[in-house]
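Residues in the sequence shown are numbered from 1201 upward in steps of one, following the numbering used here.
Backbone N, C-alpha and C define an ideal beta-carbon position, used for all residues, glycine too.
These figures come from a predicted structure and were not determined experimentally.
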Amino acid sequence: ANVKSAGMNALGLTYNGINATVGIQHDRRGFSSSHVGGAHFLMCDGSVRFVSENIDYLKITAAQAPIPYGCVTTTFARLAARNDGQTIGDF
1201 ANVKSAGMNA
1211 LGLTYNGINA
1221 TVGIQHDRRG
1231 FSSSHVGGAH
1241 FLMCDGSVRF
1251 VSENIDYLKI
1261 TAAQAPIPYG
1271 CVTTTFARLA
1281 ARNDGQTIGD
1291 F
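Here it is in structure tokens:
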């Protein structure tokens, strides 16, 4: 089920995953890290978790952009959504 969430991302976009190198405009606002295989994220409960770059994410190309604003459909997008009302299990 798609969930709409206005202003869903705290600091960046979840399109094309972590450490994306696709080269479209959104990638400059995506999350990245010097760590191989993913990035560390500070969670709302104060914990720090390493999120794998293999996490479920929405892959888009320049021809597909822009996607519907605030469309939350993947695990990575749910982690970044601050007000979608959904819970996330283990990831």
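task: Within the same chain, show all residues whose beta-carbon is closer than 6 angstroms to that of isoleucine 1218, passing over the 5 residues directly before and after it, in chain order.
output: Phe1231, Gly1238, Ala1239 and Glu1253
task: Taking only the alpha-carbon atoms, compute the straight-line gap between isoleucine 1288 and threonine 1275 and give it to the nearest angstrom.
output: Each residue's Cα considered, the two are about 8 angstroms apart.
Pairwise C-alpha distance: leucine 1242 and threonine 1273: Approximately 21 angstroms, taken between the alpha carbons.
- prompt: Does DSSP put valine 1203 in a helix, a strand or coil?
  reply: Only weak support is given to the placement of valine 1203: the predicted model assigns it a pLDDT of 45, under 50, and the value that follows is read from those uncertain coordinates. Of the three classes helix, strand and coil, the one that applies to valine 1203 here is strand, per DSSP.
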